[in-house]
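There are 4 protein chains.
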Amino acid sequence: MKVEKIVLNEAREVSLTAYLLDTGGEFRNICKRPAVLILPGGGYQFCSEREADPVAMPYLKAGYQAFILRYSVGKHSVWPNPLQDYEQAMEMIRKRAEEWKVFSDKVAVIGFSAGGHLAAAAATMSENRPNAAILGYPVTGSDVKGCCATAPDTIPSVDKNTCPCFIFATRTDEIVPVMNSIRFMEALVQADISFESHIYSYGPHGFSTCDTSVQSRDTTISSRVPNWVADSIGWLKEIFGDFGNGEMTKPVCKAHATDNDGEFLSVDCTFGYVMGNPEGRKVVEGFLGGAGNQERPGGQEASQMTPEMMSMVSGMKLRQILEYAHMPKEVIEQVNGQLSMIPNQR
Amino acid sequence: MKVEKIVLNEAREVSLTAYLLDTGGEFRNICKRPAVLILPGGGYQFCSEREADPVAMPYLKAGYQAFILRYSVGKHSVWPNPLQDYEQAMEMIRKRAEEWKVFSDKVAVIGFSAGGHLAAAAATMSENRPNAAILGYPVTGSDVKGCCATAPDTIPSVDKNTCPCFIFATRTDEIVPVMNSIRFMEALVQADISFESHIYSYGPHGFSTCDTSVQSRDTTISSRVPNWVADSIGWLKEIFGDFGNGEMTKPVCKAHATDNDGEFLSVDCTFGYVMGNPEGRKVVEGFLGGAGNQERPGGQEASQMTPEMMSMVSGMKLRQILEYAHMPKEVIEQVNGQLSMIPNQR
Amino acid sequence: MKVEKIVLNEAREVSLTAYLLDTGGEFRNICKRPAVLILPGGGYQFCSEREADPVAMPYLKAGYQAFILRYSVGKHSVWPNPLQDYEQAMEMIRKRAEEWKVFSDKVAVIGFSAGGHLAAAAATMSENRPNAAILGYPVTGSDVKGCCATAPDTIPSVDKNTCPCFIFATRTDEIVPVMNSIRFMEALVQADISFESHIYSYGPHGFSTCDTSVQSRDTTISSRVPNWVADSIGWLKEIFGDFGNGEMTKPVCKAHATDNDGEFLSVDCTFGYVMGNPEGRKVVEGFLGGAGNQERPGGQEASQMTPEMMSMVSGMKLRQILEYAHMPKEVIEQVNGQLSMIPNQR
Amino acid sequence: MKVEKIVLNEAREVSLTAYLLDTGGEFRNICKRPAVLILPGGGYQFCSEREADPVAMPYLKAGYQAFILRYSVGKHSVWPNPLQDYEQAMEMIRKRAEEWKVFSDKVAVIGFSAGGHLAAAAATMSENRPNAAILGYPVTGSDVKGCCATAPDTIPSVDKNTCPCFIFATRTDEIVPVMNSIRFMEALVQADISFESHIYSYGPHGFSTCDTSVQSRDTTISSRVPNWVADSIGWLKEIFGDFGNGEMTKPVCKAHATDNDGEFLSVDCTFGYVMGNPEGRKVVEGFLGGAGNQERPGGQEASQMTPEMMSMVSGMKLRQILEYAHMPKEVIEQVNGQLSMIPNQR
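Those sequence lines, one after another, are chains Y, P, G and X. Heads up: take any position in the first sequence, counting from 1, add 28, and you land on the working numbering. Heads up: take any position in the second sequence, counting from 1, add 28, and you land on the working numbering. Heads up: take any position in the third sequence, counting from 1, add 28, and you land on the working numbering. Heads up: take any position in the fourth sequence, counting from 1, add 28, and you land on the working numbering.
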């Protein structure tokens, strides 16, 4: 592993530390790697070491390149300095992607607390958008004024272009109330953005990875908290794909909850949306016939279907309806193949 | 294990099935057991077998008595029939607690989908309140009209008397949109109720335990989903306490996020709240002295504290401030002992 | 779930309890289920309830039918009474497989301590062999005389017909020394039998599932111990296959470590064995060409291969050599298809 | 994190790479750290990069300092060169313990394949013994001649001074037959050494951490294999103790299975051994009274105790007998305190 430390802004004491794993040679399947850009917390007053190196390690173990950005804090934290630091870091990571062996379209940002605010800002208002964002007990709304008076509320900026997010926090966090996470989830739902979230029943603010080397083992904290680390890696593999032969495998989780706003139709459009498209309807009926009326969500008998249930079905993804109908994966792929040639008249 | 099936209402085909584990004898530490009351889903049109027995097993493994309520559905589902069925079941469980070896103050309700609506109704509007509620991809808001026109929205009924909740769902559930879970969380926060939630990135509605014997292994669903089962058991152990010598150990997670509304003060009141009480302030200063100014949330130096940070500190639980100050658990218990004799002037 | 209790032998107080999960209906993919037959421990003096019901639950959760055999103990324990009880139970399970919805070729036996001795006897000397055996801190060698003077040492009976085994114990078990498990593993290796084993660093005898409802939470025991339950289920899925559409999927782990003694050749024969067969050699060379010389076990360069390494390669399974050569799974299946038509001249 | 690379022997191309985590500052509880010394595999022909950096990461995450020794291989591998390289590395780590912030009595060696042979040699025949050894699919017996003709069989050297070991391998490893692990376990039992082992049902040789970035996700390998990493860290915490306030907590797992050969008596001597010592007997009877006759191993009734069972009891650790008698942990500590003042007449 090579380590590089680059001063991005001497006056503001901004630096980017790169932990770069080897590629090629015995890692014969790996020409490039996905990456994480870590934004430690510290109330925009400092960058916590507890949320820097310890966070990098599990992603390095999983095969990701890891970068730590120590952004403008304290008297330098006036907005948009921290966001500019992020832009500079992400731009450099992508510009040097060949040299650093990074898949430039698979770079996730990970931020904690105030760093979670910065990560959310990167996900919603930056020019160099991350491809995924992991937000640890993040500050997202107006509470940010509490640690950086000039920093913006990120929630109004959530839109269709926001990347998929992984959010975790504890219910009893008194430094950053859990509503910061819940409100952000709501905004993601409104914008049809894919996300995962884990709100653990109790624990203090700032637990980082919750390893005993970082957070005292005497801490009163839920036993599930440390799971966020492995869960976030499992989630990244679904968003970015996993290591395959030379390239990454196809992602299994899309950036949007549905494909209704895609360029072409797909089995991840809702049933109602596809049936509303004459060509789409033809494809579906070719495979399902009347099956559309025989769905058993949760195992229910068609005969018991209420109009409300029917309306639910029309809100379901075609993929799930085909799965309920026990179509083999190959057939579902055929359906998808045919739909993917039908332009989506939005 | 004994199995009992009791018909609660022949006309409405309502029944309670009890799976009763042995106590005493070789289970010498166990005179009674905590219990779960399972409410299967099925859109109030039927009670899904996929969310009945398979759900009982993991809790039986953990040592819980398990009950399955098959409540009024279809033409019998007109409200408040299902809630009355619940009342009858919970009343019977507590009335027969001695015979069935159940801790009558440790009975959790577990509901899925429409059964999750019923569980939420039990938690918010029943006479025989459960002591905890596990809500699986629950219907909570006005969407319930879609499967039972007469069923009420449970969210407005969330209040201080609502029990702790464990909520899980998938982001992409199209039958019960994830907002049903998020809105309920919000209501719990407003009422200061303890909860845990896991929103998994993707997967269909109605996955139950997600074992391959219940949900097809070909299902497009997040790899984290099956974790809800073990996580909910870990959570119950924190809410109810764990099996000890003859009785259950003391719970480590309280029903409310803070103790500010308790009868007496405690280390789980917020720092500001305790300091606002003259006697409470004396106790704290006796232990902390000026330490109150030395907190390092997220490791920050006191010198860097902004007024906003100070206001955060006053919102923190005293317990966590004492932990940040590295007070040993015993000392924290001493502080708690002294505070617990000070009446809370609300 | 239906529960049946059948008295197998009134005089000896032998009974079989059946926990039978539903099939069909909403469990539409399930016409039959694999099963476990549980043999509790108790030094052949009694049948421990701690190793009966609590053990059944996790397998029921996983979708298995569960049977508990309370066999001849105390004054009735004189050999071969317990083994006869087993034969009677297993015979009945298979005879009533249609009625009880059991895959009669997917019945595992699970025994603990003295019950582990009986399970090992079933796996090595019974007429009605189980299809897999899970042995919990088993008595396997001459130590059995300590609890049943007439019971035989099972180790000399391990042979090619012994079923795959999953063995677990703690290093510090003073009631049944860990050598009982280690010696049995050795015998399985000698007979080329597939197995998995977990020896945990410390803990007492008789911990069963190690749930706090069965084993006191104050017990001095390794934190890994409870993992045996989920690990044994994961293992069974590899030995029996998993729930698929109507039938079980193909097993991924075979009963023998290699196929060298199979009826036909396969990619699970060793490289040297296949190359020793003229037709087999042709098939391999057709796909590998000279690749046989380019293996890189552990990533090593061919040029660095010593004769000893070459001899290792000939001891490797063809499947792994093909994987090292990065052949796609489909191609490996082609190779296997061609080999599987070549009779094995033993 | 600082990275240092030190050339230990230029002629033999031997180097030590140190990954050194920060201490103090925000890691206020950490003045020093335990450490791991990693010995990659490669048949003594090379040092595999797949078993170097990827292995360091999880231990760094857990808070351990990590060192990688690239020892003498190929033409330089003639024994005792590799062992001398180890001695030099371990000596340096302990000599620079203050500078590198390492607890010099908490340094574990981790070796894979041939590196596992070297780790076993370190554990059994070195001058600078490690405090624990993690052996991954290790070569331990005469098979080592296959990759290094001059290297010794380590099994005959296992004795009372061998450190605790954690061993893992796959049953179907054809490059290093599983008997290499089993024979080593046997030797550890003979010498009363503490160990943990996991033999996974199937998988190839050389899987390292089994992350998809190191071992192809298409590999035919048991789903439990990746667990060895977290399990080995959990084990190290029990052997070394966990991070506490400034120092490590007391280990919960001892280096020997019993204390019968200790300097003083303890509750970890066997019951029979303590009762054989007049003073020891007095202490025990003071607490247990006749309780010694009322033990219920596996829950059995005293009345049913056979002489053989009684002899088992005498082979049990006193600690477990006290636990069976449901003595609270504090009382057990009292018994231990009194025994620990009684010299052990060996």
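Backbone N, C-alpha and C define an ideal beta-carbon position, used for all residues, glycine too. Computed from a predicted structure; not experimentally measured.
(1) Distance check for GLY314(X) and GLU307(X), CA to CA, integer angstroms please.
(2) Can you grab the Cα-Cα spacing for the pair LYS188(P) / LYS282(P), in whole Å?
(3) How is the alpha helix (DSSP H) around ILE261(P) delimited, first residue to last?
(4) Roughly how many whole angstroms lie between the Cα atoms of LEU216(X) and GLU351(P)?
(5) Would SER241(X) count as contacting chain Y if we go by Cβ distances under 7 Å?
(6) Using a 10 Å radius around the Cβ and a threshold of 16 neighbouring Cβ atoms, would you call CYS59(X) buried or exposed?
(7) To which residues of the same chain is ASP270(X) closer than 7 Å at the C-beta, ignoring the five residues directly before and after it?
(8) Can you tell me whether ASN255(G) is buried or exposed? The criterion is at least 16 other CB atoms within 10 Å of its CB, across all chains shown.
(9) Distance, Cα to Cα, MET333(G) vs GLN348(G)?
(10) Give the range of the alpha helix (DSSP H) segment to which ILE27(P) is assigned.
(11) Using CA atoms only, rank isn't needed, just tell me which of ILE210(G), PRO86(G), ALA147(G) and ASP133(G) is closest to TYR99(G).
(12) Where do the ends of the alpha helix (DSSP H) carrying GLU291(P) lie?
(13) My output table needs one value for VAL83(X): the three-state DSSP class, helix, strand or coil.
(14) Grab the span of the alpha helix (DSSP H) containing PHE315(G) for me, first residue to last.
(15) In terms of alpha-carbon separation, which member of PHE292(G), LYS357(G) and ALA353(G) lies closest to LEU27(G)?
(16) Work out the CA separation of LYS173(Y) and GLU166(X) for me, nearest whole Å.
(17) Tell me which residue opens and which closes the beta strand (DSSP E) that ASN47(Y) is part of.
(18) So does the segment 216-228 of chain P actually touch the segment 185-205 of chain P, counting three or more Cβ pairs closer than 8 Å?
(19) What residues are listed by DSSP as bridge partners for GLN93(G)?
(20) Is there a C-beta anywhere in chain Y that falls below 7 Å from the one on VAL295(P)?
(21) Please decide whether PHE271(G) counts as near chain P, where near means a Cβ-Cβ distance under 7 Å.
(22) Is the Cβ of LEU48(Y) closer than 7 Å to any Cβ of chain X?
(23) Thinking C-beta only, is VAL64(X) closer than 7 Å to VAL31(Y)?
(24) State yes or no: is the beta carbon of TYR87(Y) nearer than 7 Å to at least one beta carbon in chain P?
(25) Measuring straight from C-alpha to C-alpha, what distance separates ALA80(G) and PRO82(P)?
(26) What's the C-alpha gap between GLY69(P) and SER294(P)?
(27) Tell me which residues of the segment 353-366 of chain P have at least one Cβ-Cβ distance to chain X shorter than 8 Å, keeping chain order.
(28) If we count the other Cβ atoms within 10 Å of its Cβ and call it buried at 16 or more, is VAL242(G) buried or exposed?
(29) Hey, would you say SER229(G) sits closer than 7 Å to MET213(G), going by beta carbons?
(30) Terminal residues of the continuous beta strand (DSSP E) containing ASN37(X)?
(31) With a floor of 4 residues, list each alpha helix (DSSP H) that falls wholly inside the segment 105-142 of chain Y, ordered by position along the chain.
(32) For GLU266(P), return the contacting residues in chain G, with the cut-off set at a CB-CB distance below 9 Å.
(33) Over the uninterrupted beta strand (DSSP E) stretch that includes TYR228(P), give me the two end residues.
(34) HIS233(G) by DSSP, collapsed to three states: which one?
(35) Using only the alpha-carbon positions, how far apart do VAL130(Y) and PRO62(Y) sit?
(36) Could you give the residue range of the alpha helix (DSSP H) that holds GLY404(G)?
Quick answer:
(1) Along the fourth sequence, one-based indexing puts residue 307(X) at 279. Along the fourth sequence, one-based indexing puts residue 314(X) at 286. Cα-Cα distance, rounded: 11 Å.
(2) Here residue 188(P) refers to the residue found at position 160 of the second sequence. Here residue 282(P) refers to the residue found at position 254 of the second sequence. Distance between the alpha carbons of LYS188(P) and LYS282(P) is about 13 Å.
(3) Translated into the one-based positions of the second sequence, residue 261(P) becomes position 233. Taken as a continuous stretch (DSSP letters only), the alpha helix (DSSP H) holding ILE261(P) covers 255-268.
(4) The residue you call residue 216(X) lines up with position 188 of the fourth sequence. The residue you call residue 351(P) lines up with position 323 of the second sequence. Cα-Cα distance, rounded: 42 Å.
(5) Here residue 241(X) is taken as the residue at index 213 of the fourth sequence, counted from 1. So, interface residue.
(6) The residue you call residue 59(X) lines up with position 31 of the fourth sequence. Result: exposed.
(7) In the fourth sequence, residue 270(X) corresponds to position 242, counting from 1. Here the set comprises MET276 and THR277.
(8) As a position in the third sequence, residue 255(G) is number 227, starting the count at 1. By the 10 Å Cβ count, ASN255(G) comes out buried.
(9) Numbered from its first residue, the third sequence carries residue 333(G) at position 305. Numbered from its first residue, the third sequence carries residue 348(G) at position 320. Because the pLDDT at MET333(G) is just 49, under 50, the model does not fix this residue reliably, and the point stays unresolved.
(10) This structure leaves residue 27(P) out entirely; chain P is present only between 29 and 374.
(11) Residue 99(G) sits at position 71 when you count from the first residue of the third sequence. Looking at the Cα atoms, ALA147(G) is the closest of the given residues.
(12) As a working note, residue 291(P) is residue 263 in the second sequence. Secondary structure note for GLU291(P): it is in no alpha helix (DSSP H), with a DSSP letter that is neither H nor E.
(13) Here residue 83(X) corresponds to residue number 55 of the fourth sequence, with the count starting at 1. DSSP places VAL83(X) in helix when its eight states are reduced to three.
(14) Residue mapping note: residue 315(G) aligns to position 287 of the third sequence, counting from 1. Counting along the chain, the alpha helix (DSSP H) containing PHE315(G) begins and ends at 306-316.
(15) Residue 27(G) falls outside the range modelled here, since chain G spans only 29 to 374, and no answer is possible.
(16) Stepping through the fourth sequence from its first residue, residue 166(X) is reached at position 138. Stepping through the first sequence from its first residue, residue 173(Y) is reached at position 145. Correcting the residue type first, residue 166(X) is Pro in the shown sequence and not Glu. Those two C-alpha atoms are separated by around 57 Å.
(17) Here residue 47(Y) is taken as the residue at index 19 of the first sequence, counted from 1. Looking at the sequence shown, residue 47(Y) is not Asn but Tyr. 42-48 is the extent of the beta strand (DSSP E) around TYR47(Y).
(18) Taking a contact to require three or more Cβ pairs closer than 8 Å, the segment 216-228 of chain P and the segment 185-205 of chain P qualify as touching.
(19) Reading the third sequence from its first residue, position 65 is the one you call residue 93(G). Beta-bridge pairing links GLN93(G) to ALA63(G).
(20) Within the second sequence, the letter at position 267 stands for residue 295(P). Output row for VAL295(P): interface = no.
(21) Residue mapping note: residue 271(G) aligns to position 243 of the third sequence, counting from 1. Yes, PHE271(G) lies at the interface with chain P (some Cβ there is under 7 Å from its Cβ).
(22) For the purposes of this step, residue 48(Y) is identified with residue 20 of the first sequence, where counting begins at 1. No, its Cβ sits nowhere closer than 7 Å to a Cβ of chain X.
(23) Residue numbering aside, residue 31(Y) sits at position 3 when the first sequence is read from its first letter. Residue numbering aside, residue 64(X) sits at position 36 when the fourth sequence is read from its first letter. The answer is no: Cβ separation not under 7 Å.
(24) Translated into positions along the first sequence, residue 87(Y) becomes position 59. Chain P, which has no Cβ nearer than 7 Å to the Cβ of TYR87(Y), makes this no.
(25) In the third sequence, residue 80(G) corresponds to position 52, counting from 1. In the second sequence, residue 82(P) corresponds to position 54, counting from 1. In a straight line, the C-alpha of ALA80(G) is about 19 Å away from that of PRO82(P).
(26) On the second sequence, position 41 is the one that residue 69(P) refers to. On the second sequence, position 266 is the one that residue 294(P) refers to. The alpha-carbon atoms of GLY69(P) and SER294(P) are separated by roughly 40 Å.
(27) HIS354
(28) For the purposes of this step, residue 242(G) is taken as residue 214 along the third sequence, with counting starting at 1. By the neighbour-count rule (16 or more Cβ atoms within 10 Å), VAL242(G) is buried.
(29) Walking along the third sequence from the start, residue 229(G) turns up at place 201. Walking along the third sequence from the start, residue 213(G) turns up at place 185. No; because the gap between Cβ atoms is not below 7 Å, this pair is not in contact.
(30) Here residue 37(X) refers to the residue found at position 9 when the fourth sequence is read from its first residue. Looking at the DSSP string, the run of the beta strand (DSSP E) that includes ASN37(X) is 30-37.
(31) The segment 105-142 of chain Y contains these whole alpha helix (DSSP H) runs: 109-123 and 125-128.
(32) Looking up residue 266(P) in the second sequence gives position 238. What GLU266(P) touches in chain G: nothing, since even the nearest Cβ is about 13 Å away.
(33) What you label residue 228(P) is simply residue 200 of the second sequence in a count that begins at 1. 223-228 is the extent of the beta strand (DSSP E) around TYR228(P).
(34) Position 205 of the third sequence, counted from the first residue, corresponds to residue 233(G). Three-state result, HIS233(G): coil.
(35) Sequence index remark: in the first sequence, residue 130(Y) carries index 102 (1-based). Sequence index remark: in the first sequence, residue 62(Y) carries index 34 (1-based). The alpha-carbon atoms of VAL130(Y) and PRO62(Y) are separated by roughly 6 Å.
(36) Chain G is shown only over 29 to 374; residue 404(G) falls outside these bounds and no answer can be derived.
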